[in-house]
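**Q** Using our numbering, the first residue of the sequence shown is number 89, and each one after it goes up by one. Backbone N, C-alpha and C define an ideal beta-carbon position, used for all residues, glycine too.
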Amino acid sequence: MAIDEELRQEVREHLAGMRDLEEKPMVGGTGFMWRGNLLCGVMGQDLLVRVAEADYDRFVGEEGASPMVMGGRSGKRWIRVSRSVVSRRPAMKEWIDRARAFAGTLPPK
């Protein structure tokens, strides 16, 4: 599935002004690295966010959220959020803020 260019641009806009941010191609999409750690990404039509394992079960149960599955496996940190949810700007900000809160706990690489 082709990457949603509009979604990728919206994510860029939400992340604008963050220091130490880098955009990198990743399998099937684009990853956004913050201080050397993968913060979030766009894959196909969805936003991917990395959250604290302690928050995963609560967040993955929200509207439009599902486990990110790659190679038949899912982890307890990555959540796929549907385009229909993140097309609402407050929702995108909330999901990116969650990812940033977790990434802020990681040491820079």
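Which whole-angstrom value is the C-beta distance of L135 and M156, which I expect to be below 8 Å?
**A** As a working note, residue 135 is residue 47 in the sequence shown. As a working note, residue 156 is residue 68 in the sequence shown. So it is not a contact: roughly 10 Å between Cβ atoms.
**Q** Within a Cβ cutoff of 7 Å, which residues of the same chain sit near R165, ignoring the five residues on either side of it in sequence?
**A** Walking along the sequence shown from the start, residue 165 turns up at place 77. These residues qualify, in order along the chain: R138, V139, E141, Y144.
**Q** In or out: E98 buried (at least 16 other Cβ within 10 Å) or exposed?
**A** Along the sequence shown, read from residue 1 onward, the residue named residue 98 stands at position 10. Buried, by the Cβ-count rule.
**Q** Can you give me the Cβ contacts of G132 inside the same chain, cut-off strictly under 8 Å, excluding the 5 residues immediately before and after it?
**A** The sequence position of residue 132 within the sequence shown is 44, counting from 1. The answer, listed in chain order, is M89, A90, I91, D92, G116, G117.
**Q** Tell me which residue opens and which closes the alpha helix (DSSP H) that S170 is part of.
**A** Taking the sequence shown and counting its residues from 1, the one referred to as residue 170 is at position 82. Neither: S170 is in no alpha helix (DSSP H) and is coded neither H nor E.
**Q** So, L127 versus A191, is the Cβ gap smaller than 7 Å?
**A** As a working note, residue 127 is residue 39 in the sequence shown. As a working note, residue 191 is residue 103 in the sequence shown. The answer is yes: Cβ separation under 7 Å.
**Q** Is the CB-CB distance between G152 and S170 below 7 Å?
**A** Taking the first residue of the sequence shown as position 1, residue 152 is located at position 64. Taking the first residue of the sequence shown as position 1, residue 170 is located at position 82. Result yes, Cβ atoms of G152 and S170 sit closer than 7 Å.
**Q** When you compare each of N125, V130, R107 to W183 by their alpha carbons, which one comes out closest?
**A** Position 95 of the sequence shown, counted from the first residue, corresponds to residue 183. Of the listed residues, the one whose Cα sits closest to W183 is V130.
**Q** Where are the alpha helix (DSSP H) runs, 4 residues long or more, that stay fully inside the stretch 90 to 159, in chain order?
**A** Entirely contained in the stretch 90 to 159, the alpha helix (DSSP H) runs reaching 4 residues are, in chain order, 93 to 103, 141 to 148.
**Q** Can you tell me which of H102, E94, L95 puts its alpha carbon nearest to the alpha carbon of R188?
**A** Numbered from its first residue, the sequence shown carries residue 188 at position 100. When only C-alpha atoms are compared, the closest one is H102.
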